[in-house]
Ligand code: 1BN
Ligand code: ZN
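Numbering (the numbering used here), first residue to last: 1337 to 1658.
Here you go:
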């Protein structure tokens, strides 16, 4: 555990007041325990603004100018809060109808690169090229704005990085913004999470072994429900338990959720335990009504939910620092 500035100041004060060595030592120990670092308060409004900023580029469909411009902004923004930022490019095979081979851009921010104990945080930053779940079939060819399905998770992670920069942390944290999650077709599970699949087979450092990973997906709806997603429980139930124990707000449910072929599946298959915080509902699709529709806009996400998810991550990080 680190000694806080307050503990150091108290130590200096007690020493200056001339306490004997024995009592000063025990007081220091007590003081350090009492003054253990407080958890930072997550700035939910700032996270919401970071989601808006992504949506201002328009839908971030791989291969479009908006995607390219958003990548540049993400590199700059993540770079302001991390020790190192890396752009990982690669070529992948997308399913029929997409440009092939497809170039993906994974954006990676590294905090405390030399720390042995590391936490992996992920979210996808691309948006789906087709609103194929829209109630209006005429809109099925339009791209999704992805305020919830894309921007929400990225916004929370960018804001978490800002807090870690401000407050400092002893933990190593790797933020991986994966590309091309959402170009999949429902008949082929390998057509999803193309950026995560690429990263899982080309991790940004050799022998990469974080404690575990947390994926955020669709974490902005006012009525979001985060049950315990199936693959997360199969691969990493202890970490689900740890994160849910640290949950802020009332969106985290102890109910069992469905199985989602999300980025974390491929991270788990590569041997890194990884859980998915994802909004799942009792609906025809299994997700919220705006999922893969033209209604997935900023009107459908709220600072309050982003705040609860962000605060949960800060609580988890604080827990791991102890
Ligand atoms: C999550 C958000 N996903 C896509 N957008 C993953 C997914 C894959 C969901 C397959 C349903 C089916
Ligand atoms: Zn999606």
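Built from N, CA and C at the ideal position, the CB exists for glycine as well.
DSSP places residue 1417 outside both helix and strand once states are collapsed to three, so it counts as coil.
In the displayed model, residue 1459 falls within a strand according to three-state DSSP. For residue 1485, the Cβ falls inside the 6 angstroms cut-off from some heavy atom of the ligand ZN.
Boundaries of the alpha helix (DSSP H) harbouring residue 1381: 1380 to 1392, taken from the DSSP string. Our two residues, residue 1551 and residue 1604, have alpha carbons roughly 11 angstroms apart in a direct line.
In the three-state scheme derived from DSSP, where H, G and I count as helix and E and B as strand, residue 1604 is classed as helix.
Taking the Cα positions, residue 1494 is about 12 angstroms away from residue 1443. Across the structure, residue 1616 and residue 1645 are spaced so that their CA atoms are roughly 15 angstroms apart. Rounded to whole angstroms, the separation of the alpha carbons of residue 1625 and residue 1471 is 10 angstroms. Residue 1588 has 1562 as its beta-bridge partners, per DSSP. Within the same chain, 1387, 1390, 1391 come within 7 angstroms of residue 1487 by CB-CB distance, once the 5 residues on both sides are set aside. Counting other Cβ atoms within 10 Å of its Cβ, residue 1401 stays below 16 and is therefore classed as exposed. Annotation: residue 1623 to residue 1463 spans about 16 angstroms, alpha carbon to alpha carbon. In the structure shown, residue 1512 adopts extended strand secondary structure according to DSSP, grouped into three states. Residue 1460 sits close to residue 1514, with the two beta carbons spaced by under 7 angstroms.
1466 is the residue among 1413, 1374, 1466 whose C-alpha sits nearest the C-alpha of residue 1630. Taking residue 1437 as the centre and dropping the five residues before and after it, the same chain places the C-beta of 1427, 1428, 1429 closer than 7 angstroms to its C-beta, in chain order.
If you compare the alpha carbons of 1373, 1385, 1509, 1484 with that of residue 1418, the shortest gap goes to 1509. Checking the 6 angstroms criterion, the Cβ of residue 1518 is within range of a heavy atom belonging to the ligand ZN.
The beta carbon of residue 1485 is closer than 6 angstroms to those of 1554, 1632 in its chain, skipping five residues each way along the sequence.
For residue 1494, the enclosing alpha helix (DSSP H) covers residues 1489 to 1503.
Judged by DSSP in its simplified three-state form, residue 1448 adopts coil rather than helix or strand. About 7 angstroms separates the beta carbon of residue 1492 from that of residue 1649, a gap short enough to meet the 8 angstroms contact definition. The beta-bridge partner set that DSSP reports for residue 1548 consists of 1455. For residue 1569, the three-state secondary structure derived from DSSP is helix.
For the pair residue 1647 and residue 1475, the Cα-to-Cα distance works out to about 36 angstroms. Here residue 1598 is buried, its C-beta having at least 16 other C-beta atoms within 10 Å.
Using a 10 angstroms sphere on the CB of residue 1410, the tally of other CB atoms reaches 16 or more, which defines it as buried. For residue 1613, the enclosing beta strand (DSSP E) has its first and last residue at 1610 to 1614. Of the residues 1569, 1635, 1477, the one whose Cα lies closest to the Cα of residue 1612 is 1569.
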